[in-house]
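Reviewing the structure listed below.
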Amino acid sequence: MLTLTRKVGESIRIGNDIEIVVKEIRRNQVRIGIIAPRDVPIYREEVYDNLKPEDGDEDPES
Numbered sequence: 001m002l003t004l005t006r007k008v009g010e011s012i013r014i015g016n017d018i019e020i021v022v023k024e025i026r027r028n029q030v031r032i033g034i035i036a037p038r039d040v041p042i043y044r045e046e047v048y049d050n051l052k053p054e055d056g057d058e059d060p061e062s
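By full-length UniProt numbering, the letter at position 60 of the sequence shown is numbered 60, and the numbering carries on one by one without gaps.
Quick look at the structure:
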């Protein structure tokens, strides 16, 4: 896992099309913004976990 440090207003780029922006930091929460193409699915982890098939072998998007 790559671990990076960012301040409010700073961002991280993933490839050419995805940008993660730190919007706000408050106590133990970080608010982020995600700029990505519409065809890129974005899920919170707890939502993604509920979409996965039980065997865990398939992509929930397929």
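Idealized CB from N, CA, C, for every residue including glycine.
According to the DSSP assignment, V21 belongs to the beta strand (DSSP E) that extends over 18 to 26. A contact is defined here as three or more CB-CB pairs under 8 Å, and the stretch 41 to 53 fails this definition with respect to the stretch 22 to 33. As the crow flies, the alpha-carbon of P37 is around 24 Å from that of T3.
For V30, the secondary structure class from DSSP, reduced to helix, strand or coil, is strand. Going by DSSP, E46 is part of the alpha helix (DSSP H) stretching over 45 to 51.
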